[in-house]
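The listed protein sequences derive, respectively, from chains A and B. Mapping to my numbering: the first sequence position 264 is 264, numbers consecutive. Mapping to my numbering: the second sequence position 43 is 1043, numbers consecutive. Ideal Cβ placement from N, Cα and C applies to all residues, glycine included. Note sheet for the following structure.
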Amino acid sequence: MANTDITSKVMDGMGPHGTKVGLLRVLGPAHVWALGVGIVLVGEYMGWNFAVGKGGAYAALIACWFAGILYTCVAMIDSEVTSTVAAAGGQYTQAKHIIGPLMAFNVGLYLVFAYTMLEAGNAITAGYLVSVVAGMTGYEGVLDQRPFIILVIMFLAWLNYRGVLATLTFNLVITAVAFVAIIVLFFATSGIIGTGIMNHAALMEGQAALPYGTLGILAAMHFGLWFYLGIEGTTQAAEEVRSPARALPFGTLAGIMTLLIAATLTWYICTGILPWEFLGDGVNGSVAPLFDAARLSGSTGLVWLLGFGTLFATLASANGCINDASRAWFSMGRDRYLPKWFGAVHPKYRTPYRSIIFLVPIALIFALGAPLDQVITFSILSGLLGYTFMPLNVILFRRKWPLDSIKRGYEHPFHPLPAYVLLALCAITYVAVFLGYGTQLIAMILFYVVVSLWFHFWRYRFVNRGAQFTMPWPRPKGY
Amino acid sequence: MATWNIIEYGAWALSALFGVLMIADWIKTDSTNSEEVLTSSREGELEAMSEDRRG
């Protein structure tokens, strides 16, 4: 501990191995909540409604709740493991400590791809929203969306570069506004306050209930993920929260509860106001269903509120994605899974500044050069591969380090039931994804096979094997 | 020129500004600090680990 001096201005005292400049521990549970919910909430504002197109309104609700179970398992498992492996990198760092280097390398790439693609998708959406606003204000020309797409990425990257506290406080405010907007819309349209405009009985009768039968429910699962995709991103804040054992489980579990409420309310509002054929067509029909519901309410105030809610949700998601992708990339650089250069921390702002800057052009290339549906599909597939790793991870974690060997910040109940449920739901979702995007799924898996071979036969020789296992844990059981 | 055309130019200009700010600071930071200090970060000794280990 000779290198550790908590009173020093150049050494933060956080590391036992000579850390001179490390990430800053300034976040609380509210920031963790804002990171997780902020990344996801845009899925309530747009994207989930493709599930209605795949199987009708009831299929979307069943997918919403099954995906809710899947993500509740993810949140519980993540809360336990990350409150114990509380370091930047999230699931990558968990895999490194619990399974092994090859799994860690793959999981790290899943994270970076999932978040960077999602960031690109959000930037494309923000550009589109600006063009809609231009049209609503009477602009008759064709607005160039590119400067707005680039501005979103550059501004949020700059914010992330300047410090994590301002970044996630910004996320906390805009995410809260976006969530409250959904609650207000629910009260205003459901008839609880004033006259309701809901018409579920007429909109969901006959063929509209389940137009494609049970196969439609299976197909809807793919987009059911959209209600919650990204909540696992809370773990990336692990090295920057003041109290990981308390803040990470609290923020993550509060986040999934928030999303379960928001998802169900969103489904209820939109299916009660919009016909399923229009709602389910997210390209030529309802691009932003909550905003469309607000427009049909006839209230100018609600239109403005949900308009800002949609934009804020998009920005919050992109912001959280930059935060998470850069932490995963940074952690891999720090362990030499990638060049050491990426493992640098800014001495003033205490952020992984090189990783933030490096990922900017990659996000720009996808945002400006790839179609939105392909970008989103690759994000979902990378996320799904990550969820498949989690059950294996927690089963091995409990087996190698039982509850009486390491004290956890949170112990998830009913183990191993959540792990098996998560594995089963992932299997169902793979089938659903294969039905709609089989080629992309196979291409993605082939990509990860190729990079795994590269890592095994070339890159692994550079990994700092002795220094990468930092947790002061007891020897694993059976070793 | 329509208002939205001006806003478009403003977005280009702001994008460039944020990019220049980051790159300028990046160059300054890398040139005024040693690589050893910048890449010295290691996974920390964390509260959850040190609370209670009974193994």
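Own chain partners of residue i with C-beta closer than 6 Å, once the 5 adjacent residues on each side are dropped
| i | result |
| --- | --- |
| K477(A) | K400 |
| I62(A) | I217 |
| F462(A) | R336 |
| T29(A) | Inspection of the sequence shows that residue 29(A) is occupied by Pro rather than by Thr. Closer than 6 Å at Cβ, skipping near neighbours: A247, F250 and G251. |
| S382(A) | Y110, F113 and A114 |
| L425(A) | L70 |
| V1020(B) | none |
| P16(A) | Unreliable placement is indicated for P16(A), whose pLDDT of 48 sits below 50; no coordinate value is reported for it. |
| F1018(B) | none |
| L118(A) | C321 and S379 |
| Q236(A) | G90, D324 and R327 |
| L156(A) | A318, N319 and I322 |
| T82(A) | T235, A238 and L248 |
Residues bridged to residue i (per DSSP)
| i | result |
| --- | --- |
| V241(A) | L27(A) |
Chain-ordered chain A contacts of residue i [CB-CB under 7 Å]
| i | result |
| --- | --- |
| A1011(B) | P147, F148 and L151 |
| S1015(B) | P147, I150, L151 and M154 |
Other residues of its chain near residue i: CB distance less than 7 Å, five sequence neighbours each side excluded
| i | result |
| --- | --- |
| R354(A) | W341, F342 and A344 |
| F148(A) | A126, G127 and V130 |
| R398(A) | H415 |
| H200(A) | T271 and G272 |
| S326(A) | N160, P352, S355, I356 and L359 |
| G466(A) | none |
| Y71(A) | Y228, I231 and I256 |
| M76(A) | H412 and P418 |
| V451(A) | L109 |
| L259(A) | V37, V40, F227, Y228 and I231 |
| V10(A) | Low confidence applies here, because V10(A) scores a pLDDT of 45, under 50, leaving its location unreliable; read the following figure in that light. Once the five neighbours on either side are set aside, the close Cβ partners of V10(A) are K20. |
| N171(A) | A34, L35, G38, A316, N319 and G320 |
Residue range of the unbroken alpha helix (DSSP H) whose run includes residue i
| i | result |
| --- | --- |
| H97(A) | Q91 to I98 |
| R327(A) | T300 to R334 |
| I380(A) | L372 to K400 |
| Q468(A) | Note, Q468(A): premise wrong, no alpha helix (DSSP H); not H, not E. |
| Q440(A) | L417 to F457 |
| P289(A) | P289 to S297 |
| G138(A) | Segment: none, G138(A) is in no alpha helix (DSSP H) and carries neither H nor E. |
| R1042(B) | Taken as a continuous stretch (DSSP letters only), R1042(B) belongs to no alpha helix (DSSP H), as it is neither H nor E. |
| A208(A) | That residue, A208(A), is in no alpha helix (DSSP H); it is neither H nor E in DSSP. |
| T72(A) | A57 to T82 |
| M198(A) | Run containing M198(A): none; DSSP gives neither H nor E here. |
| K477(A) | Note, K477(A): premise wrong, no alpha helix (DSSP H); not H, not E. |
| W1026(B) | T1003 to T1032 |
| N171(A) | V164 to S190 |
| P413(A) | Per DSSP, P413(A) belongs to no alpha helix (DSSP H) and is neither H nor E. |
| P361(A) | Y353 to G369 |
| W341(A) | No alpha helix (DSSP H) contains W341(A), which DSSP labels as neither H nor E. |
Under 8 Å from the C-beta of residue i: neighbouring residues of chain B
| i | result |
| --- | --- |
| L23(A) | S1041 |
| I357(A) | M1022, I1023 and W1026 |
| Y161(A) | M1022 and D1025 |
Proximal chain A residues relative to residue i, where beta-carbon distance stays under 8 Å
| i | result |
| --- | --- |
| A1002(B) | Y139 and G141 |
Chain-ordered chain E contacts of residue i [CB-CB under 9 Å]
| i | result |
| --- | --- |
| W454(A) | No chain E is present in this structure, whose protein chains are A and B. |
Interface residues of chain B facing residue i [CB-CB closer than 7 Å]
| i | result |
| --- | --- |
| A344(A) | L1038 and T1039 |
| T470(A) | R1042 and E1043 |
| A134(A) | W1004 |
Same chain only: Cβ atoms within 8 Å of residue i, ignoring 5 sequence neighbours per side
| i | result |
| --- | --- |
| M1022(B) | none |
| V481(A) | Here chain A comprises residues numbered 1 to 479, so residue 481(A) is not present and cannot be evaluated. |
| F187(A) | I193 |
Under 9 Å from the C-beta of residue i: neighbouring residues of chain B
| i | result |
| --- | --- |
| Y45(A) | Under the 9 Å cutoff, chain B gives no residues; its nearest Cβ is about 22 Å from Y45(A). |
| A157(A) | F1018, G1019 and M1022 |
| K20(A) | E1036, V1037, L1038, S1040 and S1041 |
- request: Give the residues from the stretch 393-415 of chain A that approach chain B closer than 8 Å (Cβ to any Cβ), ordered along the chain.
  value: W401, D404, S405, I406, K407, R408 and G409
field: Under 7 Å (Cβ pairs) to chain B, residues found in the stretch 319-348 of chain A
entry: R334, K340, G343, A344, V345, H346 and P347
message: Short of 8 Å Cβ to Cβ, which residues in the stretch 64-84 of chain A face chain B?
response: S83 and T84
- prompt: Which of the residues in the stretch 279-296 of chain A, read from start to end, lie with their CB under 7 Å from any CB of chain B?
  reply: none
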